[in-house]
Amino acid sequence: MEPSQTPKYITTLEKENEELKDRVAQLSDFIEHGAVPLHWVNADGIIIWANQAELNLLGYRMDEYLGKSITDFHYDADIIQEILKSLLNHETLNDYPAILKCKDGSLKYVVISSNGLFKNGEFIHSRCFTKDITALVKEEERKNKLMLLLKKSEERLRLAIEATELGTWDWDMEVGKIYLSAETRSILNLEDDILDPDHILELVHPADRGEINLKIEKLKDDKSERPFNFICRIIRKKLKTTCWIKVQGSTHFNAEQQLQRIIGSVLDITGLKVAETKNNELVAIVNSSNDAIIGKSLDGIITSWNNAAQELFGFTAAEMIGQSNIQLLPNELKDEEDYILMRLRNGESLKHFETKRLTKSGKIVDVSLTFSPIRNNQGTIVGISKIARDITDKKLEERRKNDFISMVSHELKTPLTSVLLFTQILQQKFNDNNDDMGLQMTAKIENQTKKMTSLIRDFLSLARIEEGKLQVVIEPISLLTLFEEIKNEAELLIKKHHVRFQCESNITIMADRDKIGQVFMNLLSNAIKYSPDGGTITLGCEEVGDKIKLYVQDEGIGIDLADQKKLFNRFYRVDSEQTNHIAGFGIGLYIVSEILRVHESTIQVESEKGIGTTFYFFLDFVQGN
36 MEPSQTPKYI TTLEKENEEL KDRVAQLSDF IEHGAVPLHW VNADGIIIWA
86 NQAELNLLGY RMDEYLGKSI TDFHYDADII QEILKSLLNH ETLNDYPAIL
136 KCKDGSLKYV VISSNGLFKN GEFIHSRCFT KDITALVKEE ERKNKLMLLL
186 KKSEERLRLA IEATELGTWD WDMEVGKIYL SAETRSILNL EDDILDPDHI
236 LELVHPADRG EINLKIEKLK DDKSERPFNF ICRIIRKKLK TTCWIKVQGS
286 THFNAEQQLQ RIIGSVLDIT GLKVAETKNN ELVAIVNSSN DAIIGKSLDG
336 IITSWNNAAQ ELFGFTAAEM IGQSNIQLLP NELKDEEDYI LMRLRNGESL
386 KHFETKRLTK SGKIVDVSLT FSPIRNNQGT IVGISKIARD ITDKKLEERR
436 KNDFISMVSH ELKTPLTSVL LFTQILQQKF NDNNDDMGLQ MTAKIENQTK
486 KMTSLIRDFL SLARIEEGKL QVVIEPISLL TLFEEIKNEA ELLIKKHHVR
536 FQCESNITIM ADRDKIGQVF MNLLSNAIKY SPDGGTITLG CEEVGDKIKL
586 YVQDEGIGID LADQKKLFNR FYRVDSEQTN HIAGFGIGLY IVSEILRVHE
636 STIQVESEKG IGTTFYFFLD FVQGN
């Protein structure tokens, strides 16, 4: 048959075959080069085909991907096993999440949609579509992190608000309601968390209400968003109390410049206002005080300086604040500052510490200083308060008095010595003549003369103490011999009492003989006077470590604890019915304490009412005698 005679149906078939080939080619190209990653896996999990999009997704070449186990490219081995198992069970997977490993080591988050091709019930291969959702997963992770950060920020804000006792509020102008936080309700002593503005304004103290209304109207008229704050008083009606609050906030307007909401916070500052009032009162007291009141740091740097300090020292506050206190000390007293600071850092206080200070003009003034540590709320010492009082005139008057006492005492000692000598001569004469009356009279004269001599000696010691001229000569002293001398000297005073010694005979102390004798004489005289019913008085000693404890013990009326703290103050006397008849000036124990001070010792007392009293102190002694 000639070509021109080819049947028409053959021509049509050929044409359809060509068209079919084109469609197959197009479909193959679509699958091979389409944007959706595709791959086939056989029943053993071996990749038998993949399109270019699949290779591009993971970054492999065809020879690096085909023929390999699909498990090599899955990050989670359990996931791919679950996928293969499902496919072999004729299941269809839709958007099954998985993680694939790329050639460069990175990971791709994907969802897999797949089912299996079966022939005669036998699994031929999978038909797997892979969709890259890495960007979505990363964005979700980022969002979760942001949400976590936001949650943490909100938690920190909540904790911060709780820690500062700060309340928050939100005034929604559109609905005309104010929303209050729990902290705000607590501050205002309210139960409801949503209130009308008028209700809130009713809580404002009448004296502040007008000003607050003006502020609110001004906020409404001002079309710009800006922060604001004010302080006012609030009446807590249920508690019937008034508190101070600080209100802070900001306004927010809509696109039409209409006030939409006011949001802010409220803080109870009642404690602060009370402290401020007290502080103002203290400042007024300090500034009006006649005493110089000075604040210092623990390093001795001046932090405050009142008007009286300027009058006393001549320096202005501007000249002294920020400067060291050392410039107020004379050269010979520079070491005094370290001593004072050391004691104050240890939490001690110094009261009526008498010393000298230097003024701006170079004049030396006598001052009485009182130091106290300043503590914060935790009890930590953060500074020093010093009160200085000018005692120049007082010291001058004391020096004049002491000079007078010293002069009079010296003048009286000579005639008294003569009286005592003549009395002793008369006693000898009356004794020779067996004149009992004369002996009694001269004994009384001798007793009174010795009392006067002892009194003059005390006044002389007092004058020397106050002039700072009390000096001691330390030497070895047989203690038992000293006790005998003291007992003999006080023989005329001892009537109802038995004086005993409780001490080893070989004890030798290191002290000034006259001064320590004066100490024992004062203590023995006191023991006699304050045990009017008699009893035993003990002069004793005992070794305590490398010191010797010396004591005078009586069985007298005893001393109250309140009086014990003041016994060694100058001119202090116990005031009670039992002691009103006992004569004295209250200087004996003061002199005792000062004599022992220059011996680097301290007088101490133990006493019980109706039982007796023991005075004791410690001195060095010669060991091994």
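Numbering follows my numbering, in which position 32 of the sequence shown is assigned residue number 67; successive positions increment by one, without gaps.
Every residue, glycine too, gets a C-beta built ideally from N, C-alpha and C.
Integer Cβ distance of residue i from residue j, believed to fall under 8 Å
i: Ile375; j: Ser403; result: Their Cβ separation, rounded to whole angstroms, is 14 Å, which puts Ile375 and Ser403 out of contact at 8 Å.
i: Pro365; j: Lys331; result: That pair is no contact at about 18 Å.
i: Leu92; j: Phe108; result: No, Leu92 and Phe108 are not in contact; Cβ-Cβ is about 10 Å, not under 8 Å.
i: Ile509; j: Asp547; result: 6 Å
i: Ala562; j: Ile572; result: 5 Å
i: Val627; j: Val554; result: 5 Å
i: Gly335; j: Glu383; result: Contact doesn't hold; Cβ gap of about 16 Å is too wide.
i: Lys212; j: Asp231; result: 7 Å
i: Thr169; j: Tyr131; result: Thr169 to Tyr131, Cβ: 16 Å. No contact.
i: Thr516; j: Ile480; result: 28 Å between Cβ atoms; not a contact.
i: Met556; j: Glu526; result: Not confirmed; about 12 Å, so no contact.
Beta-carbon contacts of residue i that lie in its chain and below 6 Å, excluding the five residues immediately before and after
i: Ile328; result: Val321, Asn341 and Ile422
i: Asp243; result: Cys267 and Arg268
i: Thr305; result: Cys278 and Trp279
i: Leu274; result: Asn224
i: Tyr214; result: Asp205 and Ile229
i: Val657; result: Pro511 and Thr543
i: Leu528; result: Ile563
i: Leu201; result: Ser300 and Leu302
i: Thr47; result: none
i: Ala78; result: Phe158
CB of residue i within 9 Å of CB of residue j, strictly
i: Ile544; j: Leu574; result: no
i: Leu128; j: Phe158; result: no
i: Gly22; j: Ala88; result: No statement about residue 22 is possible, as the shown extent of the chain runs from 36 to 660 and does not include it.
i: Ile81; j: Ser104; result: yes
i: Lys531; j: Pro567; result: yes
i: Val534; j: Leu558; result: no
i: Glu389; j: Asp370; result: no
i: Leu602; j: Leu624; result: yes
i: Phe265; j: Glu246; result: yes
i: Asn86; j: Ile115; result: no
i: Glu635; j: Cys576; result: no
i: Val640; j: Gln599; result: yes
Neighbourhood of residue i by C-beta, 8 Å cutoff - its chain only, sequence neighbours within 5 removed
i: Phe164; result: Val71, Pro72, Leu73, Ile147, Ser148 and Ser149
i: His240; result: Cys267, Arg268, Ile269, Ile270 and Thr277
i: His287; result: Glu260, Leu294, Gln295, Arg296, Ile297 and Ile298
i: Ala343; result: Ser324, Asn325, Asp326, Ala327 and Ile328
i: Gly151; result: Leu122, Leu123, His125, Phe158, Ile159, His160, Ser161 and Arg162
i: Leu333; result: Leu376, Leu379, Arg380, Ile416, Val417, Gly418 and Ile419
i: Lys644; result: Ile592, Gly593, Ile594 and Asp595
i: Val579; result: Phe653
i: Glu520; result: Gly552
Same chain, Cβ closer than 7 Å to residue i, neighbours up to 5 away in sequence not counted
i: Phe465; result: Gly473, Leu474 and Thr477
i: Met36; result: For Met36, the predicted structure reports a pLDDT of 49, less than 50, and the residue's modelled location is therefore unreliable. A value from the coordinates is still provided. For Met36, where only same-chain residues beyond five positions count, there are no Cβ hits under 7 Å.
i: Gly569; result: Lys531 and His532
i: Leu368; result: Thr390 and Lys391
i: Leu238; result: Leu223, Ile269 and Ile270
i: Lys308; result: Trp279
Near the ligand COA: residue i beta-carbon under 8 Å from a heavy atom
i: Ile375; result: In the structure on display, the ligand COA does not appear, and there are no ligands present to speak of.
inquiry  = Quick check on the DSSP output: what are the complete beta strand (DSSP E) runs of length 3 or more inside the stretch 530-565, in order along the chain?
reply    = 532-537 and 543-546
message = Quick check on the DSSP output: what are the complete alpha helix (DSSP H) runs of length 4 or more inside the stretch 290-321, in order along the chain?
response = You should have found no qualifying run.
ask   = Looking at C-beta atoms only, is the number of pairs between the stretch 640-652 and the stretch 591-598 that lie closer than 8 Å three or more?
value = yes
query = Are the stretch 136-144 and the stretch 111-119 touching, with three or more C-beta to C-beta distances below 8 Å?
reply = Touching, no, given that fewer than three Cβ pairs across the two stretches are closer than 8 Å.
task = Flag this pair as touching only if the stretch 411-419 and the stretch 392-402 have three or more C-beta atom pairs under 8 Å; answer yes or no.
result = no
task = Note down, one range per segment and in chain order, each alpha helix (DSSP H) of at least 4 residues found wholly within the stretch 320-385.
result = 342-348, 352-355 and 369-380
task = Could you say if the stretch 172-180 and the stretch 237-256 meet the contact criterion of at least three C-beta pairs nearer than 8 Å?
result = The stretch 172-180 vs the stretch 237-256: no contact.
query = Counting pairs of Cβ atoms below 8 Å between the stretch 427-434 and the stretch 346-362, do you hit three or more?
reply = no
message = To test your reading of the DSSP string, which unbroken beta strand (DSSP E) runs of 3 or more residues are found completely within the stretch 214-295?
response = Counting only runs of 3 or more, we get 262-271 and 276-288.
query = So, do the stretch 204-218 and the stretch 295-309 have three or more beta carbon pairs nearer to each other than 8 Å?
reply = yes
query = Can you list, in chain order, the stretches of the beta strand (DSSP E) that have 3 or more residues and sit fully within the stretch 128-212?
reply = 128-136, 142-154, 157-167 and 201-207
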